[in-house]
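All remarks here apply to the structure that follows.
Protein chains: 2
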Amino acid sequence: MVSGARNMSGKRVGITDVASAAGVSITTVSHALSGQGKVSDRTRQRVVDVAAELGYAPNRLASGLRSKRTGVIGLVSDEVATTPFAGRIVLGAQEAASDRGWLIVVVNSGNDRLIEQRQIDTLLAQQVDAIVYATMYHRPSTVPAALRSIPTVLVNTRDEGFDTCWVVPDSFNIGKDATSHLIDHGHERIAHLTIEQPGLGRDGRVAGYRAAMEEHGLAPIIVSTTEGATAVGGREAAEQLFDRHPDVTAVFCFNDQMAMGLYQTAAKHGVQVPDDLSVVGVDNLELVAGALLPGLTTIALPHYEMGRWAIDQVERVLEHEDPPPVVHERYRCELVERDSVARLRR
Amino acid sequence: MVSGARNMSGKRVGITDVASAAGVSITTVSHALSGQGKVSDRTRQRVVDVAAELGYAPNRLASGLRSKRTGVIGLVSDEVATTPFAGRIVLGAQEAASDRGWLIVVVNSGNDRLIEQRQIDTLLAQQVDAIVYATMYHRPSTVPAALRSIPTVLVNTRDEGFDTCWVVPDSFNIGKDATSHLIDHGHERIAHLTIEQPGLGRDGRVAGYRAAMEEHGLAPIIVSTTEGATAVGGREAAEQLFDRHPDVTAVFCFNDQMAMGLYQTAAKHGVQVPDDLSVVGVDNLELVAGALLPGLTTIALPHYEMGRWAIDQVERVLEHEDPPPVVHERYRCELVERDSVARLRR
DNA sequence: ATGAAAGCGCTAACAA
DNA sequence: TTGTTAGCGCTTTCAT
Numbered sequence: 000m001v002s003g004a005r006n007m008s009g010k011r012v013g014i015t016d017v018a019s020a021a022g023v024s025i026t027t028v029s030h031a032l033s034g035q036g037k038v039s040d041r042t043r044q045r046v047v048d049v050a051a052e053l054g055y056a057p058n059r060l061a062s063g064l065r066s067k068r069t070g071v072i073g074l075v076s077d078e079v080a081t082t083p084f085a086g087r088i089v090l091g092a093q094e095a096a097s098d099r100g101w102l103i104v105v106v107n108s109g110n111d112r113l114i115e116q117r118q119i120d121t122l123l124a125q126q127v128d129a130i131v132y133a134t135m136y137h138r139p140s141t142v143p144a145a146l147r148s149i150p151t152v153l154v155n156t157r158d159e160g161f162d163t164c165w166v167v168p169d170s171f172n173i174g175k176d177a178t179s180h181l182i183d184h185g186h187e188r189i190a191h192l193t194i195e196q197p198g199l200g201r202d203g204r205v206a207g208y209r210a211a212m213e214e215h216g217l218a219p220i221i222v223s224t225t226e227g228a229t230a231v232g233g234r235e236a237a238e239q240l241f242d243r244h245p246d247v248t249a250v251f252c253f254n255d256q257m258a259m260g261l262y263q264t265a266a267k268h269g270v271q272v273p274d275d276l277s278v279v280g281v282d283n284l285e286l287v288a289g290a291l292l293p294g295l296t297t298i299a300l301p302h303y304e305m306g307r308w309a310i311d312q313v314e315r316v317l318e319h320e321d322p323p324p325v326v327h328e329r330y331r332c333e334l335v336e337r338d339s340v341a342r343l344r345r
Numbered sequence: 000m001v002s003g004a005r006n007m008s009g010k011r012v013g014i015t016d017v018a019s020a021a022g023v024s025i026t027t028v029s030h031a032l033s034g035q036g037k038v039s040d041r042t043r044q045r046v047v048d049v050a051a052e053l054g055y056a057p058n059r060l061a062s063g064l065r066s067k068r069t070g071v072i073g074l075v076s077d078e079v080a081t082t083p084f085a086g087r088i089v090l091g092a093q094e095a096a097s098d099r100g101w102l103i104v105v106v107n108s109g110n111d112r113l114i115e116q117r118q119i120d121t122l123l124a125q126q127v128d129a130i131v132y133a134t135m136y137h138r139p140s141t142v143p144a145a146l147r148s149i150p151t152v153l154v155n156t157r158d159e160g161f162d163t164c165w166v167v168p169d170s171f172n173i174g175k176d177a178t179s180h181l182i183d184h185g186h187e188r189i190a191h192l193t194i195e196q197p198g199l200g201r202d203g204r205v206a207g208y209r210a211a212m213e214e215h216g217l218a219p220i221i222v223s224t225t226e227g228a229t230a231v232g233g234r235e236a237a238e239q240l241f242d243r244h245p246d247v248t249a250v251f252c253f254n255d256q257m258a259m260g261l262y263q264t265a266a267k268h269g270v271q272v273p274d275d276l277s278v279v280g281v282d283n284l285e286l287v288a289g290a291l292l293p294g295l296t297t298i299a300l301p302h303y304e305m306g307r308w309a310i311d312q313v314e315r316v317l318e319h320e321d322p323p324p325v326v327h328e329r330y331r332c333e334l335v336e337r338d339s340v341a342r343l344r345r
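Given below as structure tokens:
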């Protein structure tokens, strides 16, 4: 039978319909379908068959009310629209939830504390089992106090004053791996294009870049912009770079969008990528890294994986009566090779 | 009081806690808070104050079970991650829902009918009040039969065999407006770069382009690619264009990504945008249209607005006992001017 | 192994 | 205007 089926009185098929059709009590139906309690195999099979035939699906409102478990997880994020990142986190969380028959309710605050508070209240009133709190950029945050009353997992962020599970990208190694990749290709005069504004992601990448350079006895060249991590910012930083350090042979950019700006400024100056200049970005935004010519070698941010990880942790917390130990994770990020890095010929 | 507050027995504050604290019955609390039934202003005020003080929020599971209204809307989409479009639709729906104290549950099918069916079953079991069914690209679809048992609004798509509200972009006028904009700037040899694969969005834009050209007695030049609506497809189509129609002075591209490919091929051929070639795209993807140099003039797709519209329709259907007339909408799309169109000097 | 009954927290119908 | 009572459709105790 099709889902959303009705019984003869026009109401959605309920547990009593199944019980009477199978000739058992509603308790037995509940037991047979949920796998709880003891039911003979013959009875169980009959109940399952009848339920399928009638197109029965338990009303999750009623079961949630009684069992205190709704199978709904709230996902609070600061932005869901400006970048495709949000989508990847949501998708990972969603697929992990779907595997367990759970649902994700996404709300977004637009970085407004009042709206955020209201949204969380709505989620709590809806009796969500847990909340995943995600920020679109790797940065610290102070999560609303209301989250302390419910299992919470943080994605892309952490809160000094709140001891709960979190997962972030390993920003230090993003910087180190990107830079090492360029060093491995024979480059020595390697610049880092970044943004002025401090942040967990930015600072980690800068530190990783410095570490890789120093490890090889190379002098770091850091150029930053106040324009933000966009193509415009990339152009601005690139102009500074070409002006002050015309001899660099490779550049590690804070993100793919800044790398796009660098491509544009390079073209304007008649500098060819990768022949005259090798470039590495961060994000692996298909829309940018995959679309640039030549394709941009970049480090992929593990948004999908972090979304999945968050739901794994939610399950771990919900399955254990006594709270399991709090876990933190720094995801190592993969370098995605395209065509923007050339071996330096000396 | 903070939300998610507990009473002295450690349970979440309930309606009985409020009732006894305010010295009234739970019915009166319900009436006072919901605005239903008759309650004196003094009593209402007292109840509201006490509820606020105790941090009470009604359990939406319990109220939904009784009232048959959950305040949760399901949003089914084929993709939520690959493009920022999904985000805009979700955001619009979400903000409209939030205005009404509703919640949006997003599920995505990844274009897999089986997964789609399962996701919809989960939504129905969760007793969502309505479902918004959205596709990421403007195309026809056959929605699952289960949606006929619940108020449904279609976004970016319609179903021949299912008479329900839908909203799509006005693709014909996208083509017509984009082309007219170029004609208004004095261009006459205007090509249209598009994809081979037919579709509501593609076909409408092609028709609109043809209409505008014919209206001005100009000969249409259509170049299409089998590579898909990406930068790669744009490059491929652009190569054809420069090869076969080197004299065009303006191009209307199927979307921003193809326009990006055109920019790249133009640069390779030493053709300057906009001095030698004017370009118009479609989508207004900030990541592309805003990042290209020069900035791309493009037609914005009304994803956010369609998301909001869908929730408006949901409300209209839910508020009326007897189903109100089915409504369809073709959103006229706005041209966003940047710097890729120049007046033709003859 | 199965079923009767209680009750999750609320709203709707009805009584006072 | 306020309160009493009966469920909403399930799961959970506790009998049998």
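Just so you know, the protein sequences line up as chains R and F, in that order. Residues 0 to 345 in numbering that gives the first Met the number 0 are what the first sequence lists, from first letter to last. Residues 0 to 345 in numbering that gives the first Met the number 0 are what the second sequence lists, from first letter to last. Just so it is clear, CB atoms sit at the ideal spot from N, CA and C, and this is done for glycine as well. In this text, all values refer to a predicted model and were calculated from it rather than measured experimentally.
(request) Could you tell me which uninterrupted beta strand (DSSP E) segments, each at least 3 residues in length, are contained entirely in the segment 127–182 of chain F, listed from first to last along the chain? (result) Listed in chain order, they are 129–133, 151–154 and 164–168.
(message) Just list the residues that DSSP pairs F:I119 with in beta bridges.
(response) As a position in the second sequence, residue 119 of chain F is number 120, starting the count at 1. Answer is none; F:I119 lacks a bridge partner.
(request) Tell me the start and end of each unbroken beta strand (DSSP E) in the segment 252–324 of chain F that is at least 3 residues and wholly inside, in chain order. (result) Taking only runs of at least 3 residues, the beta strand (DSSP E) segments lying wholly in the segment 252–324 of chain F are 277–282 and 296–299.
(request) Would you please state the rounded distance, in angstroms, between the beta carbons of F:A129 and F:V325? I believe it to be under 8 angstroms. (result) Along the second sequence, one-based indexing puts residue 129 of chain F at 130. Along the second sequence, one-based indexing puts residue 325 of chain F at 326. Contact flag wrong, Cβ pair sits at about 14 angstroms.
(request) Determine the DSSP secondary structure at F:L53, reduced to helix, strand or coil. (result) As a first step, residue 53 of chain F must be located in the second sequence, where it is residue number 54. Helix.
(request) Check distances from the C-beta atoms of the segment 276–295 of chain R to those of chain F and list, in chain order, the residues that come in under 9 angstroms. (result) If the cut-off is 9 angstroms between Cβ atoms, the segment 276–295 of chain R has L284, E285, L286, V287, G289, A290, L291 and L292 near chain F.
(message) Less than 9 angstroms between the beta carbons of R:H180 and R:L334, yes or no?
(response) Within the first sequence, numbered from 1, the residue matching residue 180 of chain R stands at position 181. Within the first sequence, numbered from 1, the residue matching residue 334 of chain R stands at position 335. It is a contact, given that the beta carbons lie within the stated cut-off.
(request) Give me whichever residues DSSP pairs with R:I72 in a beta bridge. (result) As a working mapping, residue 72 of chain R is identified with position 73 in the first sequence. In the DSSP output, where bridge partners are listed per residue, R:I72 has R:I103 and R:A129.
(message) Which of the three DSSP states is assigned to R:R331 in this structure?
(response) In the first sequence, counting from the first residue as 1, residue 331 of chain R sits at position 332. Residue state, collapsed to three classes: coil.
(request) Starting from the beta carbon of R:S148, find every residue of chain F whose beta carbon is closer than 7 angstroms, and list them in chain order. (result) If you number the first sequence from 1, residue 148 of chain R lands on position 149. The contacting residues are G3.
(message) In whole angstroms, give me the CA-to-CA distance for R:D169 and F:P150.
(response) As a working mapping, residue 169 of chain R is identified with position 170 in the first sequence. As a working mapping, residue 150 of chain F is identified with position 151 in the second sequence. Rounded to whole angstroms, R:D169 to F:P150 spans 45 angstroms at the Cα level.
(request) Tell me whether F:M7 is buried or exposed, calling it buried when 16 or more other Cβ atoms sit within 10 Å of its Cβ. (result) Indexing the second sequence from 1 puts residue 7 of chain F at position 8. With fewer than 16 Cβ atoms within 10 Å of its Cβ, F:M7 is classed as exposed.
(request) State the beta-bridge partners of F:R11 as determined by DSSP. (result) To locate residue 11 of chain F, count along the second sequence from 1; it is residue 12. According to DSSP, F:R11 bridges with F:R5.
(request) Using a threshold of 9 angstroms, state whether the C-beta atoms of F:G203 and F:G174 are closer than that. (result) Here residue 203 of chain F refers to the residue found at position 204 when the second sequence is read from its first residue. Here residue 174 of chain F refers to the residue found at position 175 when the second sequence is read from its first residue. In contact: F:G203 and F:G174 (Cβ atoms closer than 9 angstroms).
(message) Strictly under 9 angstroms for the Cβ-Cβ distance: is F:G260 near chain R by that measure?
(response) Sequence index remark: in the second sequence, residue 260 of chain F carries index 261 (1-based). Yes, because at least one Cβ of chain R sits closer than 9 angstroms to the Cβ of F:G260.
(request) With DSSP collapsed to three states, give me the class of F:T193. (result) In the second sequence, the residue the question calls residue 193 of chain F occupies position 194. Strand.
(request) State the start and end residues of the unbroken beta strand (DSSP E) segment that holds F:V222. (result) Counting from 1 along the second sequence, the entry for residue 222 of chain F is found at position 223. Per DSSP, F:V222 belongs to the beta strand (DSSP E) from I220 to T224.
(request) Using a Cβ-Cβ cut-off of less than 8 angstroms, list which residues of the segment 119–131 of chain R approach chain F; keep chain order. (result) I119, D120, T121, L122, L123, A124, Q125 and Q126
(request) Please confirm whether F:I189 and F:F241 have their CB atoms less than 9 angstroms apart. (result) As a working note, residue 189 of chain F is residue 190 in the second sequence. As a working note, residue 241 of chain F is residue 242 in the second sequence. No, Cβ-Cβ distance for F:I189 and F:F241 is not below 9 angstroms.
(request) Would you mind telling me which residues of chain R sit closer than 8 angstroms to F:N107, beta carbon to beta carbon, in chain order? (result) For the purposes of this step, residue 107 of chain F is taken as the residue at position 108 of the second sequence. Under the 8 angstroms cutoff, chain R gives L90 and Q93.
(request) Following the continuous alpha helix (DSSP H) through R:V205, name the residue where it begins and the one where it ends. (result) Counting from 1 along the first sequence, the entry for residue 205 of chain R is found at position 206. Here the alpha helix (DSSP H) through R:V205 covers L199 to E214.
(request) Mind listing the chain F neighbours of R:L102? Cutoff is C-beta to C-beta under 8 angstroms, in chain order. (result) Within the first sequence, numbered from 1, the residue matching residue 102 of chain R stands at position 103. Chain F residues near R:L102: V104, V106, T121, L122 and Q125.
(request) Examine the Cβ distances between the segment 105–122 of chain F and the segment 299–315 of chain F and report whether three or more of them are shorter than 8 angstroms. (result) no
(request) Look up R:V250 in the DSSP assignment and give the residues it is bridged to. (result) Translated into the one-based positions of the first sequence, residue 250 of chain R becomes position 251. Bridge partners of R:V250: R:A190 and R:V278.
(request) Using alpha carbons as the reference points, say which of F:T26, F:T229, F:G207 and F:Q44 lies closest to F:P219. (result) What you label residue 219 of chain F is simply residue 220 of the second sequence in a count that begins at 1. Answer by Cα proximity: F:G207.
(message) Does R:T27 pass the burial test, meaning 16 or more other C-beta atoms within 10 Å, or should it be called exposed?
(response) Numbered from its first residue, the first sequence carries residue 27 of chain R at position 28. Burial call: buried.
(message) Please state the DSSP three-state secondary structure of R:Q35.
(response) Here residue 35 of chain R is taken as the residue at index 36 of the first sequence, counted from 1. Looking at R:Q35 - three-state DSSP - the assignment turns out to be coil, as it is neither helix nor strand.
(request) Note down, in chain order, every chain R residue with its Cβ under 9 angstroms from the Cβ of F:N110. (result) Stepping through the second sequence from its first residue, residue 110 of chain F is reached at position 111. What F:N110 touches in chain R: nothing, since even the nearest Cβ is about 13 angstroms away.
(request) Buried or exposed for F:P323, please, with buried defined as at least 16 other CB atoms from any protein chain shown within 10 angstroms of its CB. (result) Here residue 323 of chain F corresponds to residue number 324 of the second sequence, with the count starting at 1. Burial call: exposed.
(request) Would you mind working out which of R:G227, R:H191 and R:V166 sits nearest R:T178, comparing C-alpha positions? (result) Stepping through the first sequence from its first residue, residue 178 of chain R is reached at position 179. For the residues R:G227, R:H191 and R:V166, the minimum Cα distance to R:T178 belongs to R:H191.
(request) Could you work out which residue in R:H30, R:V340 and R:L317 is closest to R:L292 when comparing CA atoms only? (result) Stepping through the first sequence from its first residue, residue 292 of chain R is reached at position 293. The option with the nearest alpha carbon to R:L292 is R:V340.
(request) Look at the alpha carbon of F:Q256 and the alpha carbon of F:R234, and state the distance between them as a whole number of angstroms. (result) For the purposes of this step, residue 256 of chain F is taken as residue 257 along the second sequence, with counting starting at 1. For the purposes of this step, residue 234 of chain F is taken as residue 235 along the second sequence, with counting starting at 1. Whole-angstrom Cα-Cα distance: 10 angstroms.
(message) I'd like to know whether the C-beta of F:Q256 is nearer than 9 angstroms to at least one C-beta of chain R.
(response) In the second sequence, counting from the first residue as 1, residue 256 of chain F sits at position 257. Yes, F:Q256 lies at the interface with chain R (some Cβ there is under 9 angstroms from its Cβ).
(request) Determine the closest residue to R:E226 out of R:V49, R:F253 and R:P245, with distance taken between C-alpha atoms. (result) Locating residue 226 of chain R in the first sequence gives position 227, counting from the first residue. Relative to R:E226, the option among R:V49, R:F253 and R:P245 whose CA is nearest is R:F253.
(message) Would you say F:S97 lies against chain R (beta-carbon separation less than 9 angstroms)?
(response) Within the second sequence, numbered from 1, the residue matching residue 97 of chain F stands at position 98. At least one chain R Cβ lies under 9 angstroms of F:S97.
(request) Going by CA-CA distance only, name the one from F:G22, F:S19 and F:I14 that's closest to F:S33. (result) Looking up residue 33 of chain F in the second sequence gives position 34. When each option's Cα is compared against that of F:S33, the closest is F:I14.
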